[in-house]
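Input: a single structure, listed below in structure tokens.
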Amino acid sequence: MDETDKDRISILGQIKEKLIGRKQDWAREGRLLTGAAANPAQRLPPGQREVTDWPVLDLGIQPEVPRSAWRLAIDGAVENPVTLDWDALMALPQQDSVLDMHCVTQWSRFDNHWQGVSIRTIVDLVRPKPTVTHVLFESYDDYTTNLRLEQFAAEDCFLVHTWEGKPIPRQHGGPLRVLVPRYYLWKSAKWVRRISFAEADRQGFWETRGYNNNADPWLEERYS
Ligand SMILES: Nc1nc2c(c(=O)[nH]1)N[C@H]1C(S)=C(S)[C@@H](COP(=O)(O)O)O[C@H]1N2
Ligand SMILES: [Mo]
Numbered sequence: 001m002d003e004t005d006k007d008r009i010s011i012l013g014q015i016k017e018k019l020i021g022r023k024q025d026w027a028r029e030g031r032l033l034t035g036a037a038a039n040p041a042q043r044l045p046p047g048q049r050e051v052t053d054w055p056v057l058d059l060g061i062q063p064e065v066p067r068s069a070w071r072l073a074i075d076g077a078v079e080n081p082v083t084l085d086w087d088a089l090m091a092l093p094q095q096d097s098v099l100d101m102h103c104v105t106q107w108s109r110f111d112n113h114w115q116g117v118s119i120r121t122i123v124d125l126v127r128p129k130p131t132v133t134h135v136l137f138e139s140y141d142d143y144t145t146n147l148r149l150e151q152f153a154a155e156d157c158f159l160v161h162t163w164e165g166k167p168i169p170r171q172h173g174g175p176l177r178v179l180v181p182r183y184y185l186w187k188s189a190k191w192v193r194r195i196s197f198a199e200a201d202r203q204g205f206w207e208t209r210g211y212n213n214n215a216d217p218w219l220e221e222r223y224s
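Residues 1 to 224 (full-length UniProt numbering) make up the sequence shown, in order.
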């Protein structure tokens with residue numbers, strides 16, 4: 001491998017059309033719904049079970065993004081759009097957090113130790129205009145997902161690069177992924193390459209395929 005190969009972004013794998021179709025069927029059929037909402041004080045949301053491994057879920061494509069080639073654009077309706085490279089990301093204040101994950105396929109994983117940059121830091125850096133209502137994420141595998149601004153600007157939302165003291169592995173979205181722990185995990189974009197602040201909502205990959213736009217696990221907002 002020469003210098004240029006080492007610094008190149010490669011896209012490994014193939015889109016799993018069958019798996020995507022099956023998940024769309026689940027949404028159409030309302031699979032896995034218990035019909036019982038719960039208070040977030042109950043740690044395990046309704047219809048979920050705790051796992052101790054960490055399942056991998058994606059569209060079948062796992063981009064390999066070397067840190068040297070990694071860039072994150074944060075733009076849209078903001079006063080100060082930026083494109084971060086790895087050094088610029090690491091120069092921002094770094095924080096530790098311990099947060100749970102809840103996947104719509106029914107697994108929840110507790111007490112994950114993360115390191116990364118708080119979304120509060122990102123918001124202070126780019127300064128969204130007062131008219132911003134939504135955020136759209138775009139990833140190196142062309143995955144997209146969307147949130148309302150107040151879901152994303154919550155104090156438990158982070159851009160994370162380290163899990164349990166080690167770099168987040170490629171299959172889980174390394175070098176950098178979003179973590180929005182209060183909502184189903186499809187809202188947490190892996191391999192994120194662009195975060196755009198917007199004055200209108202634009203639905204993402206699963207949101208346009210029958211999955212709930214809000215995605216609160218305690219309200220069992222699995223499907224739309
Ligand atoms: N870029 C990207 N992010 C993604 C996905 C994806 O396919 N591509 N899948 C989502 C879904 S459906 C889930 S459940 C979680 C899974 O994260 P994990 O593989 O680290 O468990 O990532 C979310 N973020
Ligand atoms: Mo998922």
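Note that CB positions come from ideal geometry on N, CA and C, so glycine has one too.
A distance below 6 Å between beta-carbons, with the five flanking residues on each side excluded, links Ala69 to the following residues of its chain, in chain order: Asp7, Ile9. Using a C-beta cut-off of 8 Å, the segment 186 to 203 makes contact with the segment 164 to 178, since at least three inter-stretch Cβ pairs fall below that distance.
For Tyr223, the shortest separation between its Cβ and any heavy atom of ligand 2 does not lie below 8 Å. Annotated three-state conformation of Leu219 is helix, per DSSP. Look at Thr121 here: in three-state DSSP terms it is helix. Pairing Ile61 with Gln14, the inter-Cα distance amounts to about 5 Å. Ligand 1 approaches Cys103 closely enough that one of its heavy atoms is under 8 Å from the residue's Cβ.
With a threshold of 8 Å, the Cβ atom of Trp186 counts as near ligand 2, since some heavy atom of the ligand is closer than that. Put simply, the segment 43 to 63 touches the segment 93 to 109. At least three CB pairs are less than 8 Å apart. The beta strand (DSSP E) runs of length 3 or more contained entirely in the UniProt domain "Oxidoreductase molybdopterin-binding" (64 to 206) are, from start to end of the chain, 72 to 76, 82 to 84, 95 to 102, 107 to 118, 134 to 139, 144 to 148, 158 to 163, 177 to 179, 192 to 198. Per the coordinates, the alpha-carbon of Cys157 lies some 5 Å from the alpha-carbon of Val180.
Closer than 8 Å to some heavy atom of ligand 2: that describes the Cβ of Leu57. The alpha-carbon of Val65 is positioned some 24 Å away from that of Leu147.
The three-state secondary structure of Arg209, taken from DSSP, is helix. Val135 is classed as buried because its beta carbon has at least 16 other beta carbons within 10 Å across all chains shown.
Of the residues Leu92, Pro167, Thr133, Ser97, the one whose Cα lies closest to the Cα of Arg202 is Thr133. Looking at the DSSP output, Ile61 shares a beta bridge with Gly13. Asn39 and Trp218 have their alpha carbons spaced roughly 6 Å apart. As a beta-bridge residue in DSSP terms, Arg49 pairs with Trp107. Contact between Arg209 and Gln24 holds: CB atoms are separated by about 5 Å, below the 8 Å threshold.
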